[in-house]
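Taking it in order: structure first as structure tokens, then the write-up.
There are 4 protein chains.
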Amino acid sequence: MPKVSAQYKEEKRNHILESALKCFGEKGYQATIIDDIVKDSNISKGAIYNYFESKEEIYLQLLKKRTNTFFEEMDEVNAHLSSAKEKLANLFKRFKKQELKEDDQQTMRVYIEFWLFGSRQEDLRKILAERYNRFIDYIVNIIVEGQQSGEIKKEIDPQNISRIFWAIRDGNVLHYSFLGEEEQYRIAWDTIEEMFLNYVQQ
Amino acid sequence: MPKVSAQYKEEKRNHILESALKCFGEKGYQATIIDDIVKDSNISKGAIYNYFESKEEIYLQLLKKRTNTFFEEMDEVNAHLSSAKEKLANLFKRFKKQELKEDDQQTMRVYIEFWLFGSRQEDLRKILAERYNRFIDYIVNIIVEGQQSGEIKKEIDPQNISRIFWAIRDGNVLHYSFLGEEEQYRIAWDTIEEMFLNYVQQ
Amino acid sequence: MPKVSAQYKEEKRNHILESALKCFGEKGYQATIIDDIVKDSNISKGAIYNYFESKEEIYLQLLKKRTNTFFEEMDEVNAHLSSAKEKLANLFKRFKKQELKEDDQQTMRVYIEFWLFGSRQEDLRKILAERYNRFIDYIVNIIVEGQQSGEIKKEIDPQNISRIFWAIRDGNVLHYSFLGEEEQYRIAWDTIEEMFLNYVQQ
Amino acid sequence: MPKVSAQYKEEKRNHILESALKCFGEKGYQATIIDDIVKDSNISKGAIYNYFESKEEIYLQLLKKRTNTFFEEMDEVNAHLSSAKEKLANLFKRFKKQELKEDDQQTMRVYIEFWLFGSRQEDLRKILAERYNRFIDYIVNIIVEGQQSGEIKKEIDPQNISRIFWAIRDGNVLHYSFLGEEEQYRIAWDTIEEMFLNYVQQ
DNA sequence: TATGAATGAGTATTCATTCAT
DNA sequence: AATGAATGAATACTCATTCAT
């Protein structure tokens, strides 16, 4: 019988993850030291290691949680949308307003860093590949749906276009996180949306 | 053995840069330790520091050299091309065949890592921003030229589309360096080319 | 083992300082490497850096502590002494018996080394200058007091004579730390005392 | 048969020593790197090692040369002086005006540093002890001469007072090289002269 | 469970000395 | 003799992880 409730543990865990996200986003995964998370979270080093095995695990859990949240949010909204067109529009809308949510920017920055980092470590590769596929499938499903409903050109390869979509997203976030110009970022997304929809729509 | 020729020094310098590129590309800039470069280059630690002031300088010189090479190559080819259309086509062609040149992949991977890394250090920001602007201007010039010749839509904002172009490029490289599927990468570039040209052309 | 008492930390700190003094005294500040202190103290390198920021800080803290101890001791004794004469006599007495306390010899040796070293670094200069002034003022006060009570010649410049006093002290310690002849050292102090008192007294 | 004249070699040697003195005086013996001497002397590193075995030897030769120069100078002047009183006065005069000769200040600074440094290395100890004794003897001879002529008190111990003299000198130089106040330094020497002569004279 | 002190392998950089030319 | 490129041991400091309390 545990001394503390499962809920208590869950909350503590989340608290650590939130601090970690903040630190990773601000300084980068590699540059963040555990003491940064200790300071930000006000949780002792030992306690952090009670909840997570390593710095790497913290990152991975963070990634997992954020990914889940993303899809939960999207699924919730998509439940009320019937056409592929609307779903794509919704997706773009989400990115366009995303800059306002600093958390997401940080997540993505960290995610890109880890992508580079992870591409060199077999154990991370697998986890990241799974995550990547989830994102790919998300767009693939919308595209296929749109092709069935006649909204989207039949000759489009769903896999290919989905990969391109996420590549554009990541490239844009990468540049934006460096450039830091919100207005330009928004305009870029408008253009990307137009270009992308022009290309895929019937 | 002193009083060596300028050529000897230049070659040694390049030798170090090549090893550094290899190491940075394989393990990442941050994860590469000087001893990796020592081992790969067979040049002693002290000698490396005779040629470069720091690990950071090695990186920066690498970036500079690669950037210069890129523009020299492009300028050389562009000299024989008159239309914006041809120049863009040439650019896409370059990226499509790039996978075959492992060096470039590594440079870009390292470059993306440094982008993330550099966005948090003021001195690096400046250098990276300059480099970024050089790339931006390259496309801007082609677009403006195309608008004047009537090849490209007047309503396109050259700055905006140039930024998008490089964001797509970087996003694609980022993903590809992780995924490692050459064939898919080529196909993606074909699609991107089509999508992009559809959008900008008259 | 955390959540240790303030006393525990204070003791550990002192332990490190004692080892550092020993090492600095034996090999010199510059020649002492952190591993020497590690070996002597049996405290890990990391732990040492938990207590002190740098080798320089260890030195400075050592200096501060020793300086404080010196003045505390002197003030305590002086509280029972009313005349300038007695105070000076007490001061000389302290130096004469000092050879028996190896610690002080080492401190002074290290202090002299740092003096040379520090005269070339602005940040150290300030700290050392403050410490120097404290010593200067100590004698100045005694001299002025003696002049008021008629014990000491009015024409003596307190600042000047105080500087000379400490110069003699340091010169003597410097030579003695090299020569290592205790008996001679004591005799030298007797002579210095006589010469000095002859000169300043009414 | 040598390729270059002995004179050429001697000049080159001196050139190196002069640069070394300048560097050691400015940065300290330990802090000076061979490249500082290379830069200052415009002589290549290899050439320096043709003339001297090590950095330490350069220092030792420097010390030797300076010591010789000092005694040559003093002996030359003393040749024209008959009384101990005059010889002492001449000695003080030399120190009082010495501040104007930056070279000597530097030599002494270096010499003090080496004294500390040397007290921990047996091979240096011997050399420094010899040098020290030469200085001690110099004053001893004057004192003995003065005692014989009745100028100086019989009860003065020549060895003891000679040691004290040099201790005062070194202490004063040490402080002065840190404080850098020429005027004060001169005043201090006046006072020391008065105090010292009062004490030793009949 | 929580704490935070302790550990020590790891890292960039320096510099006296060597030696091929 | 002169050159200066090459060497690599040395060194201050960091930080993920452990573990005694």
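Chains A, B, C and D, in that order, are what the protein sequence lines are. In terms of the numbering used here, the first sequence is residues 1 to 202. In terms of the numbering used here, the second sequence is residues 1001 to 1202. In terms of the numbering used here, the third sequence is residues 2001 to 2202. In terms of the numbering used here, the fourth sequence is residues 3001 to 3202. Glycine included, C-beta positions come from ideal geometry on N, C-alpha and C. Keep in mind the model is a prediction, meaning the values are calculated, not measured.
Using three-state DSSP, classify residue i as helix, strand or coil.
i	result
A2006(C)	helix
Q1201(B)	strand
I3152(D)	strand
H3175(D)	helix
L2100(C)	Here the model assigns L2100(C) a pLDDT of 48, short of 50, so the residue's position is not dependable, and the following value carries that caveat. In this structure, L2100(C) counts as coil in the three-state DSSP scheme.
G2025(C)	helix
A167(A)	helix
I203(A)	Lying before the first or after the last residue shown, residue 203(A) is absent from chain A, which here runs from 1 to 202.
D1190(B)	helix
S119(A)	coil
E1157(B)	Just to set this straight, residue 1157(B) is Asp in the shown sequence, not Glu. In this structure, D1157(B) counts as coil in the three-state DSSP scheme.
N3014(D)	helix
S2019(C)	helix
G2180(C)	coil
L1088(B)	helix
S1083(B)	coil
N3133(D)	helix
N3042(D)	coil
Using CA atoms only, rank isn't needed, just tell me which of the options is closest to residue i.
i	options	result
Y3199(D)	D3170(D), I3152(D), E3183(D), V3144(D)	I3152(D)
L1285(B)	G118(A), F52(A), Y59(A), I48(A)	Lying before the first or after the last residue shown, residue 1285(B) is absent from chain B, which here runs from 1001 to 1202.
T1140(B)	E1053(B), E1010(B), S1149(B), R1163(B)	Checking the sequence shown, residue 1140(B) turns out to be Val, not Thr. It is R1163(B) whose Cα lies nearest to the Cα of V1140(B).
Q2121(C)	E3026(D), I3016(D), D3040(D)	E3026(D)
F2135(C)	Q2184(C), S2149(C), K2085(C), R2066(C)	R2066(C)
A188(A)	F92(A), Y132(A), D104(A)	F92(A)
D104(A)	L197(A), N14(A), K22(A), H15(A)	K22(A)
L2081(C)	N2068(C), K2045(C), I2142(C), S2005(C)	I2142(C)
A2031(C)	K2055(C), A2084(C), E2181(C), E2183(C)	K2055(C)
Y29(A)	V173(A), D137(A), I127(A), L116(A)	L116(A)
Q2061(C)	D2123(C), Y2008(C), E2072(C), R2013(C)	R2013(C)
N2050(C)	M2074(C), S2083(C), K2039(C), E2010(C)	E2010(C)
From residue i to residue j, what does the alpha carbon distance come to, in whole angstroms?
i	j	result
F2070(C)	Y2111(C)	14 Å
I156(A)	Q98(A)	28 Å
K1096(B)	Q201(A)	25 Å
I3037(D)	E3057(D)	14 Å
D35(A)	M195(A)	45 Å
K2003(C)	F52(A)	22 Å
H3175(D)	A3129(D)	23 Å
L3063(D)	N2160(C)	31 Å
V2077(C)	N2090(C)	8 Å
L100(A)	Q1148(B)	Low confidence applies here, because L100(A) scores a pLDDT of 49, under 50, leaving its location unreliable; read the following figure in that light. One C-alpha to the other measures close to 37 Å.
Q2106(C)	F2024(C)	8 Å
G46(A)	N133(A)	35 Å
N68(A)	Y138(A)	12 Å
E1072(B)	A1079(B)	11 Å
M74(A)	D1190(B)	30 Å
N2172(C)	R3131(D)	17 Å
Under DSSP, the alpha helix (DSSP H) around residue i begins and ends at which residues?
i	result
R2066(C)	2055-2078
Y1049(B)	1045-1051
Leaving out five residues before and five after residue i in sequence, what residues of the same chain have Cβ atoms less than 7 Å from its Cβ?
i	result
K2154(C)	Q2147
D1170(B)	I1112
R109(A)	G25, S177
V2144(C)	P2158
E3193(D)	F3092
I1127(B)	L1060
Which same chain residues end up closer than 8 Å to residue i when comparing Cβ atoms and leaving out the 5 residues on each side of it in sequence?
i	result
H2015(C)	S2041, I2043
Y1059(B)	A1020, F1024, Y1029, V1110, F1114
Which same chain residues end up closer than 6 Å to residue i when comparing Cβ atoms and leaving out the 5 residues on each side of it in sequence?
i	result
K3085(D)	E3151
W166(A)	F135
K87(A)	N78, L81, I142
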